[in-house]
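Since the structure comes first, as structure tokens, the remarks are kept for the end.
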Amino acid sequence: MSVMSIISVRNLSKNFRVSKKEPGLIGTFNHFFSRNTRTIRAVDDISFDIQHGEIVGFIGPNGAGKTTTLKMLCGLIHPSKGLVNVASYIPYQRTSSFLKQITLVMGQKQQLIWDLPPMDSLRVNASVYGLSDTEAKNRIKELSEMLDLGEELYRPVRKLSLGERMKAELMASLLHRPSILFLDEPTLGLDFNAQVRVREFLKSYNKKFQATVLLTSHYMGDINFLCDRTIIIDKGKLFFDGSLKELTSKLSPFRSVRLELTKPYTSEYFSQYGELVEFNPYYVELLIPKTSLTERLSLLLDNLPIKDLEITDPPIENLIAKMFTSNKDVL
Amino acid sequence: MTVIRRYQVNIISFLRIIKALIVSQYALMLEYRAEIALWALSGLLPLIMLSIWSQINTDVTSYLQNIDLTKYFMSAFIVRQFTAVWVIISFEEDNLKGLISPYLIQPVNPFWRYLSSHIAEQLTRVPIVILICMLIYFVSPNMIWLPNIATLLLSLITIFGAFLIRFLLHWNFAMMCFWTDRASGIERLLLIPYLFLSGLVAPLELYPETLYKLANLTPFPIILSFPAKILAGQAVNVLNGFLIITFWVLFLTVTSTILWRLGVRHYSSMGA
Amino acid sequence: MIVRKLRFINIINIINQFWGTSIACEMEYPINLYIESISVIGNLAGSILILKLLFGEGQELGGWDWARSLIVLGFYTLLEGFTISLLQPNMKRIVNQIQDGTFDFVLLKPIDSQFILSLRIFSPWGIPSVICGVSLIIFGLSMINWSLSLLLISYTIILFLCSLIILYSIWFIVSTFSIWFIRVWNANEVLRSVLVSGRYPISSYPPVLRTILTFVLPVAFLTTFPAEAILGQISYKILILAVIFSVLSFFASRIFWKFALRFYTSASS
């Protein structure tokens, strides 16, 4: 590799010891006297590099190890094994100069002071990061324009909507202008409009400050819009590292074909053409292998009274969900 | 006839609910045993006061000559262990978390939920308190004695009565949560008369005459002093004590029922 | 671990922001002012009553006369003000933050985590206690015709500062345990219940307890010794002992915190 990557992860693993308890009173008693512990491998031998200015999406089912990896990258957790290097720092030493370059935003947790307007939290953070008054003022102005926040900054946080709160939270996390952003479910629970706003903001922040962004999200919309590159992990293991387009074509050699019919048909009739996804007598959705798409389509058009026809890639959510539940060896 | 039968069925199903609540809360409390043990340990105040009072030259005060101070304060320590109440804080927390609405939909008044969690906590405390007493016995054997069965039974009943009064008293104030977000300050205020008027830090008989009478107009002496004296084997007017317990339980039940209804009405009109 | 150096001016600025916002927070609930004031006055009245009862018809309590015992009680009330304003809210916050995970934000700030955790909150509700405590000390001194001595006052202030540091260190060490055992957060309540014994002069306790309250749980340093200092009854030895003790306990809390943090960051999820 010629260019030094800003984040580099080599053979990273993290083990946790957890205790378990059987349900019910007897389980409780047993738990009282002897604690069964077992080791969970939360992150298992993961390696990847991220270049300066990239936006990388981290996806995987709950408990896949996304948050654990993120926390190791920002230095909250020591790795059990392997090497992590972020902006040529070893994260878990948490040196002041390292911490000034990064930020962590967690969708479920907030650092804003609940009873006071966000402006107060911003001032606290400004002092903690050692910003001068004018510096802080300029950055607050700049960020509030980017996030479209105005008088909301002067209302107590508890009176803000979830979307407004998240935007203020982002402001507090970005006030020190970090060059590396770790975002854990930043759009969690937001309505569609707020989600889109947050996405657009992150993209423009990335452009404006050439910041590197690593985010986890359950919303494929976020990943689709923001990330040129996606890393998929499941059960602690790295599954896929590449673009979403690449993933789609790898995962699915099929196209989705939707037909609207003028006459009702039975479901058996379609099985010869492809895999049935959705069916009612006037509406059919089929998965057809890309290789035989043209011939089957012409057959369909010849034999059926078709009112409308649409060909798309199957939705990525479905593909990924399918991958996690069934044939994992697809890649 | 049918009316009576239906009533019986209701009582049985009600008891079943209570039993289920207590069992599940007990399992929960066992999870919190370390926390409860620390709470138990933090009830040291009567023992600290005992150590000071025991240094006082007893010739001076005639009342102290006639009672066994050690037994009194040890009993106060034990009574306090089993009359611990934190319902205001629980209720406030549940209210802030938005749990009250789902509770209101359930067929059982949340009162029973909180009551059973307190009873379950006390059951968890039993072995802890026994352990503490054994520890005290090892350090200074003359501080521990075995009361006879009758005294023990009578103590159990009065301690439960005392707990009930204290719980109801706090429950009355917990209703404030329907009107304000922060009711836990009330808890702090209730602690002061409890500390100084219940006999926790000094036998009430030592108080000046007027203050003694004033204290007896409040429910605090019956919450601690009365059961402690019974456990310590002092001569007390048991019948009188039970009448007072009955009075306070009835009185506080009536007021809390009224407050509950007003509170729920206010709460639902707020659209919460 | 690299020590994060802070410039003095920055510290002042940060504390200004920390305390300013926490006072503003409390002002959102003004009813607390009444509750805390009533609570302080009620507690003080109760304590004086009990003290009166302990004196009975006698003239002394463990060798302390009425006025001097009031001074001990004054120092206790003063200490309680400090506890309400700084110790309790900050230590409670540590435990809460570890529990709900917002503790992570503290660790990611570019300044020392013990500094943030110990001084993040200032609750104004300890001020009534401080005022009452100081008044009680002055009242007690006026009863014995105490003549103003700057030397004694400076001794007392040094000793009292030492006692604050000792108390803080113990409290912080206990709170640190919540990194391993979140559920023992109320260990601080046990500590508080022992501290109550500081309301009365240490010599009014049985000899064994006296030793424990001096050397194991240094309650004597917290109230009795400062009271003795202002009365001019203390030797240099105690003063030196207190200084050594406070420095040691502060460093103990610091070392223990660093150790615990290593544990947190290698085990948390």
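Protein chains in written order, with my numbering: chain A, 453 to 783; chain B, 119 to 390; chain C, 6 to 274. Where is the CB? At the ideal position from N, CA and C, for every residue including glycine.
When you compare only the Cα positions, how much space is there between Y735/A and Y725/A? Separation of Y735/A and Y725/A (C-alpha to C-alpha, rounded to the nearest whole angstrom) is 15 Å.
Does P570/A pass the burial test, meaning 16 or more other C-beta atoms within 10 Å, or should it be called exposed? buried
Look at the alpha carbon of V100/C and the alpha carbon of I149/C, and state the distance between them as a whole number of angstroms. 45 Å
CA-to-CA distance, G512/A to L783/A, given in whole angstroms: Note that L783/A has pLDDT 47, beneath the 50 cutoff, so the model's placement of it is unreliable and no number is given.
Mind reading off the beta-carbon distance from S695/A to D680/A? Whole number of angstroms is fine, and I expect it under 8 Å. 6 Å
Please state if the CB of L163/B and the CB of V195/C are separated by a distance shorter than 8 Å. no
I need the DSSP call for W69/C, collapsed to helix, strand or coil. W69/C carries a strand assignment under DSSP once its states are collapsed to helix, strand and coil.
Residues near D496/A in its chain [Cβ-Cβ closer than 6 Å; skip 5 each side]: S465, G688 and K689
Leaving aside the five residues before and after M524/A along the sequence, list all residues of the same chain whose C-beta is less than 8 Å from its C-beta, in chain order. In the same chain as M524/A, and ignoring 5 residues on each side of it, the C-beta atoms closer than 8 Å to its own belong to L464, K466, V495, H530, P531, V536, P543 and Y544, in chain order.
Just how far apart, CA to CA, sit Q119/C and R267/C? Rounded to the nearest angstrom, the two C-alpha atoms are 13 Å apart.
Can you give me the C-alpha to C-alpha distance between P133/C and E41/C, rounded to a whole angstrom? 8 Å
Under 8 Å, Cβ to Cβ, is there at least one residue of chain A near Q22/C? yes
Can a CB atom of chain C be found closer than 8 Å to the CB of G517/A? no
Of the residues R651/A, V538/A and P767/A, which one's Cα is nearest the Cα of H504/A? V538/A
Does I7/C come within less than 8 Å of chain B when only Cβ atoms are used? Because I7/C carries a pLDDT of 42, less than 50, the predicted location of this residue cannot be relied on, and the following value inherits that uncertainty. No, because no Cβ of chain B sits closer than 8 Å to the Cβ of I7/C.
Would you call V244/B buried or exposed, if buried means 16 or more other Cβ atoms sit within 10 Å of its Cβ? exposed
Would you say N101/C reaches chain A, if we count a Cβ-Cβ gap shorter than 8 Å as a contact? no
What is the DSSP secondary structure of W262/C, counted as helix, strand or coil? helix
Between A301/B, S235/B and Y221/B, which has its C-alpha nearest F200/B's C-alpha? For the options A301/B, S235/B and Y221/B, the alpha carbon positioned closest to that of F200/B is the one of S235/B.
On a Cα-Cα basis, can you pick out the residue from P212/C, I207/C and L236/C that is closest to F227/C? Note on residue identity: the sequence assigns Leu, not Phe, to residue 227/C. Considering only alpha carbons, the answer is I207/C.
Cross-chain neighbours of F195/B in chain C, by beta carbon under 7 Å: Per Cβ cutoff of 7 Å: no residues; F195/B is ~11 Å from chain C at best.
N-terminal and C-terminal residue of the alpha helix (DSSP H) that K347/B is part of: S343 to L349
Establish whether the CB of P211/C and some CB of chain B are separated by less than 8 Å. yes
Own chain, CB closer than 8 Å to A624/A, minus 5 neighbours either side, in chain order: Q563, L564, P570, S573, L574 and N577
Spell out whether any CB of chain C is found under 8 Å from the CB atom of E211/B. no
Have a look at L711/A and F677/A and give me their C-alpha separation to the nearest angstrom. 28 Å
On the CB-based measure, 16 or more other CB atoms within 10 Å of its CB, does V356/B come out buried or exposed? exposed
With DSSP as the reference, label E62/C as helix, strand or coil. coil
CB contact check: D109/C to chain A, cutoff 8 Å: yes
For A494/A, three-class secondary structure by DSSP: strand
Let me see if you follow: with CB-CB separation under 8 Å, is D567/A close to chain C or not? yes
Please compile the residues from chain C whose C-beta is within a distance smaller than 9 Å of the C-beta of W157/B. N191, E194 and V195
Any chance the region 547-557 of chain A sits against the region 360-371 of chain B, with 3 or more Cβ pairs inside 8 Å? Short answer: they don't touch.
Limits of the beta strand (DSSP E) - the one that N260/B falls within: No beta strand (DSSP E) holds N260/B; DSSP gives it neither H nor E.
Rounded Cβ spacing between W378/B and M293/B (contact assumed at less than 8 Å): The Cβ separation is near 6 Å, so the contact holds.
Using Cβ-Cβ distances below 7 Å, what residues of the region 112-127 of chain C are close to chain A? L112, L113, K114, P115 and I116
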